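Asks: Chains H and A are the protein sequences, given in the same order. Going by the working numbering, the residue at position 107 of the first sequence is 107; the numbering climbs one at a time, nothing skipped. Just add 250 to the spot in the second sequence (first one is 1) and you have the working numbering. Sharing a structure below in structure tokens format, with a few things to ask.
There are 2 protein chains.
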Amino acid sequence: MPKIKAIIAYDGSNYAGWQKQINALGIQEIFESALKKINHEPCEVTASGRTDAKVHAKGQVVHFKGREGISPLQYQKALNGILPLDIRVIECENADENFHARFSATGKRYRYVCSYNLLDPFQFKYKNILQGRLDTEKIKEAVPYFIGKHDFTSFSSNKIDPRKPREKTIYQIDFFEDGQDLYFDFIGTGFLRYQIRMMVGALLAVGRHKIEPAAIKNMLEAKDKHACPYNAPPQGLYLMEVYYGEQLFF
Amino acid sequence: MPKIKAIIAYDGSNYAGWQKQINALGIQEIFESALKKINHEPCEVTASGRTDAKVHAKGQVVHFKGREGISPLQYQKALNGILPLDIRVIECENADENFHARFSATGKRYRYVCSYNLLDPFQFKYKNILQGRLDTEKIKEAVPYFIGKHDFTSFSSNKIDPRKPREKTIYQIDFFEDGQDLYFDFIGTGFLRYQIRMMVGALLAVGRHKIEPAAIKNMLEAKDKHACPYNAPPQGLYLMEVYYGEQLFF
């Protein structure tokens, strides 16, 4: 059985996130339904990780068992013919039998997009629309507190498994403005549930002078899931890229 | 009673077009509901013209009766606070009492956007996604047939009122490519129902070598509503701008 690795992109607006769920439609379920039509049998699809409801992906990675005689390019074309237009397969390739979309991942890049543009009816599902200007100098002061290896319990959901490690490493955060838009790019080993949205929520609170930049440090040190009351909305978040193999981030 | 002119933009994806309808939700109805909350009485909103279901607008113009003591800027802010985020008021101003969004209009600019990009999950509601490359040189040959004053019966809907004039003038058509996208910009006195989508449909048929460029001329001369069997889908179409007063297009 060949193993196929696929890079996929999706507009998360209409879905309840990646994962299969009981009462809602996840992207995984749609993807598995499409794949079943090609493989003629049920087939599990494993992603690098979940994305939450309304969160988008430009470079999610999945793996699944392929059928002999169907090439990666044929999988790409067949899947794109069956999948709804808001879920696209960007690339398929044969993967090593040991490849695992989640366990082989060595890092991820996420982007969070905000905008001051209150008058664009086409962007509200794709950006966090901000009321009022932010003090971006204060945000730039706060960003470095997140870089490095930390216990991110204070920036995570109640729902995460208490047995799982909360220690994660953030290699790089780029914060920049382009016209009316603000971008936060995060590269790290991996992220806890809600971690990026809570980090961005805290940074936006800094930009609104609700908290001082140094408050980020205190929140991290608290290792308390109630320490950060901020959570930026999902529609600004994009899973951009998943890294495999040895990566040199510095 | 002051008269207010407003420039509005909307993502048409979720609406059954501009006009109020019996069995579906038009943008006009939503706009009038929002306005009623400000004026405290029912208030009709008149647009420069209809847009069809799923057609977008970046510069639709409307007029409505304002209440004394509410400034245009207050109307803009209050409407944007009440309207859903896919309908935005870009600008409001006091209009002359003789101003009429439809009857005072002297021209309109529409844009139709196509794309070869089959792999972008974020664009399918905003562009006509094309399967296969077009012969753009043939399209450039065909475009000039539409320019000037013509009876556009062959490029119009069955539904249009037979008593209304079918003669329209197209001042300018710009056809250009940008990356994987193709743009058709039309400036004219006004357009019949489905006219732009049918003209674009015919131009795409030329680009696919289904018809020769000169077939456009024959279709126009036929003045027969069955002459053009092509109709490009609505999601690529944008009402960009409505012109008032004397305009010099050449």
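The beta carbon of each residue, even a glycine, is placed where N, CA and C say it ideally should be. From a predicted model like this one, the values you see are computed outputs, not experimental measurements.
1) Between which two residues does the beta strand (DSSP E) containing residue 310/A stretch?
2) Say whether chain A places a C-beta atom closer than 7 angstroms to the C-beta of residue 31/H.
3) Just curious, the beta strand (DSSP E) that residue 88/H is in, first and last residue?
4) Here's a check: name, in chain order, each residue in its chain whose Cβ is nearer than 6 angstroms to the Cβ of residue 417/A, leaving out the five neighbours to either side.
5) Taking contact to mean 3 or more Cβ pairs, one atom from each stretch, closer than 8 angstroms, check whether the stretch 372-391 of chain A and the stretch 452-467 of chain A are in contact.
6) Examine chain A for any beta-carbon lying closer than 7 angstroms to the beta-carbon of residue 10/H, and answer yes or no.
7) Chain H partners of residue 338/A, CB-CB under 8 angstroms?
8) If I measure Cβ to Cβ from residue 346/A and keep anything under 8 angstroms in the same chain, skipping five residues before and after, which residues do I get?
9) Starting from the C-beta of residue 16/H, find all residues in its chain whose C-beta is less than 8 angstroms away, skip the five residues before and the five after it, and write them out in chain order.
10) Under 7 angstroms between C-beta atoms, does residue 85/H make it to chain A?
11) Comparing the C-beta of residue 60/H with each C-beta of chain A, is any distance below 7 angstroms?
12) Could you check whether the Cβ of residue 124/H sits closer than 7 angstroms to any Cβ belonging to chain A?
13) Name the chain H residues that come within less than 9 angstroms of residue 536/A, Cβ to Cβ?
14) What is the DSSP secondary structure of residue 69/H, reduced to helix, strand or coil?
15) With H, G and I counted as helix, E and B as strand and the rest as coil, what does DSSP make of residue 480/A?
16) Under 8 angstroms by Cβ, that's how I've got residue 62/H and residue 101/H pegged, so tell me the actual separation to the nearest angstrom.
17) From the DSSP output, read off the bridge partner residues of residue 43/H.
18) Excluding sequence positions up to five away, which residues of its chain have a Cβ less than 7 angstroms from the Cβ of residue 495/A?
19) Only counting the same chain, and skipping five residues up and downstream in sequence, which positions put a Cβ closer than 6 angstroms to that of residue 67/H?
20) Taking 7 angstroms as the threshold (C-beta atoms), are residue 231/H and residue 197/H in contact?
21) For residue 373/A and residue 184/H, I'd like the C-alpha separation in whole angstroms.
22) Suppose you measure from the CA of residue 296/A to the CA of residue 376/A; what does that come to, to the nearest Å?
23) Buried or exposed: residue 479/A, going by 16 or more other Cβ atoms within 10 Å of its Cβ?
24) Residue 371/A and residue 88/H - do their beta-carbons sit closer together than 7 angstroms?
25) What does the alpha-carbon distance come out to for the pair residue 250/H and residue 217/H?
26) Could you round the C-beta distance between residue 430/A and residue 366/A to whole angstroms and report it? I think they count as a contact, below 8 angstroms.
27) Does DSSP put residue 500/A in a helix, a strand or coil?
28) Between which two residues does the beta strand (DSSP E) carrying residue 127/H extend?
29) Apart from the five residues on each side of it in sequence, which residues of its chain come closer than 6 angstroms, Cβ to Cβ, to residue 407/A?
30) Report the three-state DSSP secondary structure of residue 142/H (helix, strand or coil).
31) Can you tell me whether residue 454/A is buried or exposed? The criterion is at least 16 other CB atoms within 10 Å of its CB, across all chains shown.
32) Less than 7 angstroms separating the beta-carbons of residue 315/A and residue 342/A?
33) From residue 261/A to residue 5/H, what does the alpha carbon distance come to, in whole angstroms?
34) How would you call residue 449/A, buried or exposed, if buried means at least 16 neighbouring beta carbons within 10 angstroms?
Replies: Taking the coordinates as given:
1) 306-315
2) No, because no Cβ of chain A sits closer than 7 angstroms to the Cβ of residue 31/H.
3) 87-95
4) 401
5) Counting Cβ pairs under 8 angstroms, three or more are found: they touch.
6) yes
7) 118, 119, 120 and 121
8) 253
9) The beta carbon of residue 16/H lies closer than 8 angstroms to those of 24, 25, 26 and 53 in the same chain, with the five residues before and after it left out.
10) yes
11) no
12) yes
13) Outside the modelled stretch of chain A, which goes from 251 to 500, sits residue 536/A, for which no answer is possible.
14) coil
15) Annotated three-state conformation of residue 480/A is coil, per DSSP.
16) Confirmed, about 5 angstroms.
17) Paired residues: none, contrary to the question.
18) Scanning its chain for C-beta atoms nearer than 7 angstroms, with the 5 sequence neighbours on each side dropped, one finds around residue 495/A the residues 356, in chain order.
19) 39
20) yes
21) 23 angstroms
22) 25 angstroms
23) exposed
24) yes
25) Low confidence applies to residue 250/H: its pLDDT is 48, below 50, so where it sits in the model is not reliable, and the reading given next is rough at best. Whole-angstrom Cα-Cα distance: 23 angstroms.
26) 5 angstroms
27) With a pLDDT of 48 at residue 500/A, under the threshold of 50, the predicted position of this residue should be treated as unreliable, and no value is reported.
28) Where residue 127/H is concerned, there is no enclosing beta strand (DSSP E), given that its DSSP letter is neither H nor E.
29) 443 and 444
30) helix
31) buried
32) no
33) If you draw a straight line from the Cα of residue 261/A to the Cα of residue 5/H, it comes to about 35 angstroms.
34) buried
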